[in-house]
Amino acid sequence: MDEKFDTIIIGAGLSGLFCGSYLTKKGQKVCIIEKNREIGGAIQPFTRKNEWFDTGMHYFGAVNDGQIQNELFKIFGINNDFEIKNIDNFKFWHNGKEYNIPVGYDKYKAQLLLYFPKEKKAIEIYISKLKEITGNITIKNILKGFEYSSDHNTGIYNFVRSITENKELQDVLTFNNMLYGGERDKSSVYIHSVINGSFLQSTGFFKNGSIDFLESVKNKIKSLGGIFVNSKKVDKLDLKNGKINCCITEDGSKYFANNYISTLHPKLTLDLTDTKLIKKFYRKRISELKNTKSTFLIYVLMKENSFLYQESPLFSSETNNVWDLYNSYLFQTPISGKKGKYARQVKIMTEMSFEDVENMLGQSSKKRTSEYLMFKKQRAEEIFNSIENKFPGFKNCIETYYTSSPLTYLHYTGTIKGSSYGIINDFNHPIRSMLPIRTKIKNLFLSGQNINFHGMLGVSITALMTCNTVLENE
Ligand SMILES: Cc1cc2nc3c(=O)[nH]c(=O)nc-3n(C[C@H](O)[C@H](O)[C@H](O)COP(=O)(O)OP(=O)(O)OC[C@H]3O[C@@H](n4cnc5c(N)ncnc54)[C@H](O)[C@@H]3O)c2cc1C
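Counting in the numbering used here, the sequence shown runs from 1 upward without gaps.
In structure tokens:
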């Protein structure tokens, strides 16, 4: 393409879309290049039997007026383009007992005090930590840049143990580890608090599914002159005089811009360049960073009028260890499949390591298919059996189901080992996993879930920081 853009964005996942919205709103000529036919990356939905299934976006926090996610949507200029519906409660199913976890700090505190009347002090310390950390996430601080704090180098597991000896309360406080791929010996107080703290402020989801969100944001970007180039994988960043001259896609097409934002994992971004500006030890350091594990997701189509729609998402941890995410699951009946009082869809998410399916990657496609299908079927059946403990008769309501594994994520989003949330915020090495937006290449900037943190909030924050750095560079 001969046209020269102000900014080229690599990847049309959430990050690419937020950067695209903001920069076009600021009057920039933007081009977003995506390797897949469809946009969305980790949140790209799919259809089966006339039903839309959402993938990597269950819900997100701090969505109400005056709260940070809501403010960020406004700054990107997309707040009026899609509808958000609130969630009032979560459920936590643990050791055969169901806990109600209300959204909203006051209700949350009152409910926990009913379950644990002797633990007032611990509950108050926990809540004030969440409020302190999320309270620091303001537009002003995002633009200024966050300061490193001791919450980055303290483990959440140790923190909850330091405030209470009550094992049951420790488990209830960390019920939603799955939302950040929690690892007992790695996850920091910081990452836990931004996720749980923002969800406790308010929680919402796309009322009309991810497709509505994606279509409206895409249309907004296009209406402001932004261009989408789909089904083109960026293969190389070509340098001239220490700057990127153009990016080249697999088919040899060249795209020119003043600035480039990569939303890919930093290792994959660096792999696109062979310049000496990026030192070998830095490449090694980035490639050795640990990533969160992947996910096994089951998309169930239920028989008509057989299974009740559940207002509250349910986290289940059936072993005595809430950090054992292989034996935990998140169970949700998406609103897109709500038919009267019944659920047509159920979505079940659990953790899976890439290593569990790795050996099915390199074999011939035929062998891989049967072995892989069998593996996925067995795992799904195990999870269904476990769900029977909570919802007796569940299996009888299943019409059919579809699954995705680490291989699916590897294929669709191209994340390393199909990692769900990218680089781990490891409290043992906090500085190592904090990556700057600027690179040694003057007109190449990083964004996406690997910088700061993942999810709707993490990706929005980083997109704003990246775009401001790009605009400063102009
Ligand atoms: C199963 C699952 C459930 C989740 N649930 C939630 C949730 O409930 N709430 C929440 O807030 N977050 C959730 N997340 C996290 C959230 O979806 C991600 O953090 C976020 O979508 C990441 O966006 P991104 O743009 O950084 O990356 P991606 O979505 O990975 O986007 C990167 C894009 O780049 C494209 N790409 C890759 N390589 C190239 C190349 N060489 N050339 C061109 N394009 C390329 C990819 O195809 C992709 O579209 C979930 C994630 C998963 C996997």
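Don't be surprised by glycine CBs; every beta carbon is placed ideally from N, CA and C. Since we're looking at a predicted model, the values are computed, not measured.
Asked, Found
"Let me confirm a value: H411 is counted as buried when at least 16 other C-beta atoms fall within 10 Å, else exposed. Which label applies?", "exposed"
"Hey, would you say the C-beta of S15 is under 8 Å away from at least one heavy atom of ligand 1?", "yes"
"Is any heavy atom of ligand 1 found at a distance shorter than 8 Å from the C-beta of V234?", "yes"
"Exposed or buried, what is M374 when buried is set at 16 or more other beta-carbons lying within 10 Å of its beta-carbon?", "exposed"
"Here's the rule: buried if 16 or more other CB atoms are within 10 angstroms of the residue's CB, otherwise exposed. What is E382?", "exposed"
"Hey, quick one: how far does the beta strand (DSSP E) through Y402 stretch, first residue to last?", "398 to 404"
"According to DSSP, is S370 helix, strand or coil?", "helix"
"Check whether the Cβ atoms of G61 and I195 sit closer than 9 Å, and answer yes or no.", "yes"
"Give the straight-line distance between the Cα atoms of L289 and L308, rounded to the nearest whole angstrom.", "43 Å"
"Just to confirm, is the Cβ distance from M349 to M465 under 9 Å?", "no"
"Just mark Q69 as buried or exposed, buried being the case when its beta carbon has 16 or more other beta carbons within 10 Å.", "buried"
"Please report the residue range of the alpha helix (DSSP H) in which F427 lies.", "Per DSSP, F427 belongs to no alpha helix (DSSP H) and is neither H nor E."
"Going by the C-beta, is V300 closer than 8 Å to any heavy atom of ligand 1?", "no"
"Would E112 and I125 be called neighbours here (beta carbons separated by less than 9 Å)?", "Just to set this straight, residue 112 is Leu in the shown sequence, not Glu. In this structure, I125 does not lie closer than 9 Å to L112 by Cβ."
"Cβ-heavy atom distance between F175 and ligand 1 below 8 Å?", "no"
"Is any heavy atom of ligand 2 found at a distance shorter than 8 Å from the C-beta of H192?", "Among the ligands modelled here, namely ligand 1, ligand 2 does not occur."
"Taking only the alpha-carbon atoms, compute the straight-line gap between G242 and C467 and give it to the nearest angstrom.", "21 Å"
"So, helix, strand or coil for E474, using DSSP?", "coil"
"Could you check the C-alpha separation between T164 and K121 for me, to the nearest Å?", "9 Å"
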